[in-house]
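*Asks:*
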């Protein structure tokens with residue numbers, strides 16, 4: 001075991017950590033933005049709205065993230081039309097390919113989580129809202145969505161951690177994130193065990209931060225469910 | 231629909247390998263998961279802490295990183311130990327490394343799923359079984375296990391779907407699975423999108439068929455549960 005190499009290359013890892021955080025945060029925020037309308041479409045009674053959303057969710061949940069990323073990174077260059085359009089600025093960079101793939105992927109998963117949460121709204125709540133004379137949009141805004149976000153929280157916490165783990169795939173397409181940094185260190189000094197364990201350690205720390213954060217949020221949002229201590 | 235230039239058999243070959251890896255690692259994962267869940271719920275503090283360390287570590291580190299640790303790092307560690315003991319050079323094949331890693335990873339997820347399932351079994355049932363004088367292993371086999379299936383099934387289904395998709399990662403450590411073959415074919419024909427789309431559809435068919443099976447199982451195990 002030779003950890004001196006790792007200590008010498010710590011800046012590389014820290015840089016990788018920063019890239020990983022960027023990837024995850026940008027993907028999560030844009031993915032969530034996409035997921036809310038998708039989830040609303042998926043619970044809609046109009047099949048014209050429901051069908052595209054369901055197909056989207058089905059495709060992105062049913063195929064591996066690696067395939068989705070390769071479709072964008074290697075696949076997009078196949079089309080003349082894409083190469084000549086403005087989109088090519090996005091797709092010729094591995095970084096943006098990865099972020100786009102991650103965002104689309106997490107949007108699919110998040111939409112499914114939200115859909116489940118919306119459908120699990122207790123019937124009494126919507127009944128009461130209707131009895132109060134709320135319009136459909138008010139009911140969604142005030143009753144269904146806030147309750148659903150709360151119900152979705154544990155599952156969404158898992159999804160965030162999956163996204164963090166999924167972001168390691170970016171290292172496969174030449175991006176120097178944490179995993180990419182470990183790959184470089186391994187290639188330069190041939191220390192496979194030490195280099196990848198170090199990346200694993202950093203990922204572990206990130207996971208703990210996320211878990212801790214979600215616990216904290218849950219404590220706030222689930223305050224009404226906690227047993228009272230007298 | 232797609233012009234695959236005669237590469238389709240190669241993709242299918244890759245798919246067989248993908249399915250083999252998936253099913254074998256599922257088996258490992260279920261066994262590890264059951265033991266993990268029992269350990270987590272046991273009275274022994276040592277068993278509990280081992281299981282907790284296992285699930286926390288595995289769920290904290292990305293599968294890709296774990297796979298490279300086990301495949302590249304494990305190779306060296308095994309041979310370091312082997313050198314000390316005077317063994318010959320041992321070669322860990324990517325198939326073994328991939329299957330073991332995926333099984334090992336999803337064992338941790340299964341542990342959590344099964345633990346949740348076991349906890350959801352109503353206490354009265356277990357009490358009743360104990361009152362009948364069943365020993366605790368019999369209570370587990372006859373009461374807890376069948377009853378927890380219903381609660382664990384959705385989580386189990388999710389884990390299986392994620393597992394099936396995770397098998398795509400074995401291409402990164404050089405196993406000639408569907409992804410790898412599609413990459414080769416896509417490079418040779420300069421049509422990567424077409425081939426990766428075919429792989430995506432293959433994965434969709436795997437998850438689609440599993441979904442049907444799981445839905446059936448879910449109905450079967452929820453017989454007698456009132457639904458709104």
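Protein chains in written order, with my numbering: chain A, 1 to 230; chain B, 231 to 458. Ideal Cβ positions, reconstructed from N, Cα and C, are used throughout, including at glycine.
Report the start-end ranges of each alpha helix (DSSP H) in the region 383 to 419 of chain B that is 4 residues or longer and not cut off at the edges.
*Replies:* 408 to 419
*Asks:* Kindly indicate if chain B contains any beta-carbon less than 8 Å away from that of residue 4/A.
*Replies:* no
*Asks:* Does residue 239/B come out as helix, strand or coil in the three-state DSSP assignment?
*Replies:* helix
*Asks:* The alpha helix (DSSP H) with residue 151/A in it runs from where to where?
*Replies:* If you look at residue 151/A, you'll find it in the alpha helix (DSSP H) that goes 145 to 166.
*Asks:* According to DSSP, simplified to helix, strand and coil, what is residue 313/B?
*Replies:* DSSP places residue 313/B in helix when its eight states are reduced to three.
*Asks:* Excluding five sequence neighbours on each side, which residues of the same chain lie with their C-beta closer than 7 Å to the C-beta of residue 246/B?
*Replies:* none
*Asks:* Kindly list, in the order they appear in chain B, the residues whose Cβ is closer than 8 Å to that of residue 74/A.
*Replies:* 413, 416, 422, 423 and 426
*Asks:* So with CB distances below 7 Å, who are the chain A contacts of residue 398/B?
*Replies:* 64, 66 and 67
*Asks:* Just to confirm before moving on: does the CB-CB distance between residue 38/A and residue 56/A stay below 8 Å?
*Replies:* Contact: yes.
*Asks:* Going by C-alpha distance, which of 77/A, 72/A and 185/A is nearest residue 105/A?
*Replies:* 72/A
*Asks:* Output the boundary residues of the alpha helix (DSSP H) element that contains residue 139/A.
*Replies:* 136 to 139
*Asks:* Mind listing which residues of the region 193 to 211 of chain A have their C-beta closer than 9 Å to chain B's C-betas, in chain order?
*Replies:* For the region 193 to 211 of chain A, the set of positions with a beta-carbon nearer than 9 Å to some beta-carbon of chain B reads 193, 194, 195, 196, 197, 199, 200, 201, 203, 204, 205, 206, 207, 208 and 211 in chain order.
*Asks:* Under 8 Å Cβ to Cβ from residue 52/A, same chain only, skipping five residues before and after it: list those, please.
*Replies:* 41
*Asks:* With a cut-off of 8 Å, does the C-beta of residue 308/B fall near any C-beta of chain A?
*Replies:* So no, residue 308/B is outside the interface.
*Asks:* Along the region 147 to 167 of chain A, what residues have a CB closer than 7 Å to any CB found in chain B?
*Replies:* So the close ones are 165.
*Asks:* Would you report the Cα separation of residue 22/A and residue 361/B, rounded to the nearest angstrom?
*Replies:* 57 Å
*Asks:* For residue 399/B, which residues of its own chain have a beta-carbon under 7 Å away from its beta-carbon, when the five flanking residues on both sides are left out?
*Replies:* 293, 294 and 297
*Asks:* With distance defined between alpha-carbon atoms, name the residue in 199/A, 223/A, 133/A and 227/A nearest to residue 11/A.
*Replies:* Closest by alpha carbon: 199/A.
*Asks:* Going straight from the alpha carbon of residue 137/A to that of residue 249/B, what length do you get?
*Replies:* 46 Å
*Asks:* So what's residue 183/A in DSSP terms, helix, strand or just coil?
*Replies:* helix
*Asks:* Taking buried to mean at least 16 other C-beta atoms within 10 Å of its own C-beta, is residue 74/A buried or exposed?
*Replies:* buried
*Asks:* Just the Cα atoms here: how many angstroms apart are residue 262/B and residue 121/A?
*Replies:* 35 Å
*Asks:* Using the C-alpha atoms, what's the distance from residue 143/A back to residue 205/A?
*Replies:* 36 Å
*Asks:* By alpha-carbon positions, which one of 81/A, 102/A, 77/A and 103/A ends up nearest to residue 92/A?
*Replies:* 77/A
*Asks:* If contacts are defined as beta-carbon pairs under 8 Å, then residue 65/A and residue 178/A qualify, I think. What distance do you get, rounded to the angstrom?
*Replies:* Wrong, their Cβ atoms sit about 16 Å apart, outside the cutoff.
*Asks:* Between the region 337 to 356 of chain B and the region 299 to 317 of chain B, do at least 3 Cβ pairs fall closer than 8 Å?
*Replies:* no
*Asks:* Could you spell out the range, first to last residue, of the alpha helix (DSSP H) harbouring residue 298/B?
*Replies:* 293 to 298
*Asks:* Over the uninterrupted alpha helix (DSSP H) stretch that includes residue 441/B, give me the two end residues.
*Replies:* 422 to 451
*Asks:* Going along chain B in order, which residues have a C-beta closer than 9 Å to the C-beta of residue 59/A?
*Replies:* Neighbours of residue 59/A across chain B, judged by C-beta separation under 9 Å: 430 and 434.
*Asks:* Step through the CB atoms of chain A and report whether any lies within less than 8 Å of the CB of residue 351/B.
*Replies:* no
*Asks:* The ligand SAH and residue 209/A: does the residue's C-beta get closer than 7 Å to at least one heavy atom of that ligand?
*Replies:* For the ligand SAH, the structure offers nothing, since it holds no ligand at all.
*Asks:* Residue 333/B and residue 403/B - do their beta-carbons sit closer together than 8 Å?
*Replies:* no
*Asks:* Helix or strand or just coil, what does DSSP make of residue 301/B?
*Replies:* It is helical.
*Asks:* Go through its chain and collect everything with a Cβ distance to residue 60/A's Cβ below 8 Å, but skip five positions before and after it.
*Replies:* 68, 104, 105, 107, 108 and 109
*Asks:* Can you tell me whether residue 114/A is buried or exposed, with buried defined as 16 or more other CB within 10 angstroms of its CB?
*Replies:* buried
*Asks:* Look up residue 320/B in the DSSP assignment and say whether it is helix, strand or coil.
*Replies:* coil
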